[in-house]
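The next block holds one structure in the form of structure tokens; read it before the comments.
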Amino acid sequence: MKVGVVVFPGSNCDHDAAHALELLGHEPLLLWHKETSLQGVERILLPGGFSYGDYLRAGALARFSPIMAEVGRFADRGGPVLGICNGFQILCEAGMLPGVLARNASLRFVCKHVHVRVEAGESLLTRGLRPGTVLRLPIAHADGNYTLDDAGLDALERSGQILFRYCDEEGQLSAGANPNGAMRAIAGVRSERGNVVGLMPHPERACEGLLGATDGRALLESFLS
Amino acid sequence: MIRGAILLAALAAAPALALPADGAATVALGEVTFLRKNYLEAATVDPPDLATAERMPSFELLLTPKRAGEGLVFLHEDGQLEVVRLKVVGGGRAPLGAEGAQRPFDLSKARALCPHVEERTVEGERFFHADVPGEACRAALLAALADGPYDADHLRLTFSPEALQSQLAAMQARLDAAHLRGLGISYTGATLTLTGKVDSETRRRALEAMWPVTLGRMLIDDETNREEW
Chain A
1 MKVGVVVFPG SNCDHDAAHA LELLGHEPLL LWHKETSLQG VERILLPGGF
51 SYGDYLRAGA LARFSPIMAE VGRFADRGGP VLGICNGFQI LCEAGMLPGV
101 LARNASLRFV CKHVHVRVEA GESLLTRGLR PGTVLRLPIA HADGNYTLDD
151 AGLDALERSG QILFRYCDEE GQLSAGANPN GAMRAIAGVR SERGNVVGLM
201 PHPERACEGL LGATDGRALL ESFLS
Chain B
1001 MIRGAILLAA LAAAPALALP ADGAATVALG EVTFLRKNYL EAATVDPPDL
1051 ATAERMPSFE LLLTPKRAGE GLVFLHEDGQ LEVVRLKVVG GGRAPLGAEG
1101 AQRPFDLSKA RALCPHVEER TVEGERFFHA DVPGEACRAA LLAALADGPY
1151 DADHLRLTFS PEALQSQLAA MQARLDAAHL RGLGISYTGA TLTLTGKVDS
1201 ETRRRALEAM WPVTLGRMLI DDETNREEW
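Residue numbers (the working numbering), protein chains in the order written: chain A, 1 to 225; chain B, 1001 to 1229.
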């Protein structure tokens, strides 16, 4: 399958994502952000990094890149779109996913492995995973504090749009297991329609034993299935 | 007509130290629920084995049920007490937030003992007005409002001085029973004034102890630990 990986100025996980896609037997196609054609890709992945140096706000400038209009049209037609870390921030800033990613509650950049609990199975990212499954994935961000008003959060809960929450190794939510202050410990969400998904952890960095974690593989396999 | 001066207590946005609860939440075992609290100082669950309450870095309170049952969550925020009725159900997904929490009061006894009791719903909002001339009416209303969760934003109770003094005696009895010393309570108009030298933990426990016997929302004037002029 041909998968578009969008490269913004400041993206730094584009090649990691391409490597993971190849590892899983697919054909990554790097798409420069000034492109206005998606070149027939069947999936789009917005990778992590610091697009536009995170100026103004993480993802706030990248949403205006020329390719984002095409990404929006692709999603409107039901095309599957995945945003990882900065890609998640961009999708939120573009209004393709609900909420925003604010500065971490600690005001520090956080880089470590965390645990997340699958909240909703059978989504674009969680096919074959049972709710309650605990995954170990790496994070690396300064702005991962998922923020939304109470009514919006309640709506996400009702419609099963929360895909992942930060948790401890046992799957329990706690203050200590929440690395960035995200509301309701949210680590990843999907759009109302379900074809746009985003998460702060990096599944593409957790696809090989050599990298110390393999739980990301199931998520990418789900996205690519 | 109520004898003597009429004191109006408990208005919509006033801080709560009394029945009914400020809100209600239902959560299933295996699920969690979050309450947004920006200035939370402390939270306790009664009974403690019903659920755990943990402050999150997101300014939310995480409630994790431990067993099925009903209880209260006492939230201390900015010196005031807020109370949420918590119901933990055995299985399945519980309704979110306060959904399904509102249910009618049984006001039959209160109507017989109080001269004016009025409950109505206007454009989806519930209003509750009552006159409280004495202890019999106060006790009847207390029992009615204690029955089940109720988020009464539009609550107006008009107390006679005698009814307020009965209430004060009931609160004092609760403080004595809990061996909470050092906190003085009195009414200034319909405002409850707290005096004395107490630490914050004792003050919190005192508010929690008084809550179940206190009717209607009221203002609290906190004069504790304040030097005399």
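Cβ atoms here follow ideal geometry from the backbone N, Cα and C, with glycine treated the same way.
By the neighbour-count criterion, in which 16 or more other beta carbons inside 10 Å mark a residue as buried, residue 1049 of chain B falls on the exposed side. Residue 1064 of chain B reaches chain A at 172, 173, counting residues in chain order whose Cβ is nearer than 8 Å.
Among the residues of chain B, those whose CB is under 8 Å from the CB of residue 105 of chain A are 1057, 1058, following chain order. Look at residue 4 of chain A here: in three-state DSSP terms it is strand. Cβ atoms of residue 1041 of chain B and residue 1077 of chain B come within 8 Å of each other, at about 6 Å.
In terms of Cα proximity to residue 217 of chain A, the closest of A:5, A:2, A:138, A:147 is A:138.
Taken in chain order, the members of the stretch 1019-1036 of chain B whose beta-carbon sits within less than 8 Å of a beta-carbon on chain A are 1032, 1034, 1036. An exposed status is given to residue 1030 of chain B, since fewer than 16 other beta-carbon atoms sit within 10 Å of its beta-carbon. Residue 150 of chain A reaches chain B at 1036, counting residues in chain order whose Cβ is nearer than 7 Å. For the stretch 1197-1226 of chain B, the continuous alpha helix (DSSP H) assignments of 4+ residues that do not extend past its boundaries occur at 1200-1210, in sequence order.
Rounded to whole angstroms, residue 1165 of chain B and residue 1214 of chain B show a C-alpha spacing of 11 Å. Using a Cβ-Cβ cut-off of 7 Å, residue 1077 of chain B does not count as an interface residue toward chain A, since no Cβ of chain A sits closer than that to its own. Sequence-distant Cβ neighbours of residue 225 of chain A in its own chain, meaning closer than 7 Å and more than five residues away, are 127.
Under DSSP, the beta-bridge partners assigned to residue 1187 of chain B are B:1192. Listed along the chain, the chain A residues whose CB falls inside 8 Å of the CB of residue 1054 of chain B are 174, 175.
By the beta-carbon neighbour count (other beta carbons within 10 angstroms, threshold 16), residue 1197 of chain B is exposed. Nearest Cα to residue 97 of chain A within the set A:113, A:199, A:67, A:104: A:199. Taking all protein chains shown into account, residue 222 of chain A has 16 or more neighbouring C-beta atoms within 10 Å of its C-beta and is therefore buried. Under the DSSP definition of a beta bridge, residue 100 of chain A partners with A:147. Nearest to residue 59 of chain A by alpha-carbon distance, out of A:220, A:93, A:132, A:209, is A:93. With respect to chain B, the C-beta atom of residue 178 of chain A has a partner C-beta closer than 7 Å. The C-alpha of residue 54 of chain A lies about 14 Å from the C-alpha of residue 140 of chain A. Distance from the CA atom of residue 189 of chain A to the CA atom of residue 176 of chain A, rounded to whole angstroms, is 21 Å. One Cα belongs to residue 101 of chain A, the other to residue 142 of chain A, and the distance between them is close to 9 Å. When DSSP states are grouped into helix, strand and coil, residue 209 of chain A belongs to the helix group.
According to the DSSP secondary-structure assignment, residue 1033 of chain B is paired through a beta bridge with B:1063. Among the bridge pairs identified by DSSP, residue 117 of chain A is matched with A:134, A:165. Think of a sphere of 9 Å around the beta carbon of residue 183 of chain A: the chain B residues whose beta carbon falls inside it are 1034, 1036, 1056, 1058, 1059, 1060, in chain order.
By the neighbour-count criterion, in which a residue is buried when 16 or more other Cβ atoms sit within 10 angstroms of its Cβ, residue 111 of chain A is exposed. Per DSSP, residue 24 of chain A lies in no beta strand (DSSP E) and is assigned neither H nor E. Under the 8 Å Cβ criterion, the stretch 1021-1028 of chain B counts as touching the stretch 1078-1085 of chain B, having at least three qualifying pairs.
Beta-bridge partners assigned by DSSP to residue 11 of chain A: A:49. Non-local C-beta neighbours of residue 1063 of chain B in its own chain, meaning closer than 6 Å and more than five positions away in sequence, comprise 1033, 1051, 1053, ordered along the chain. Around the beta-carbon of residue 1177 of chain B, fewer than 16 other beta-carbon atoms lie within 10 Å, marking it exposed. Secondary structure at residue 41 of chain A: coil, using DSSP grouped into helix, strand and coil.
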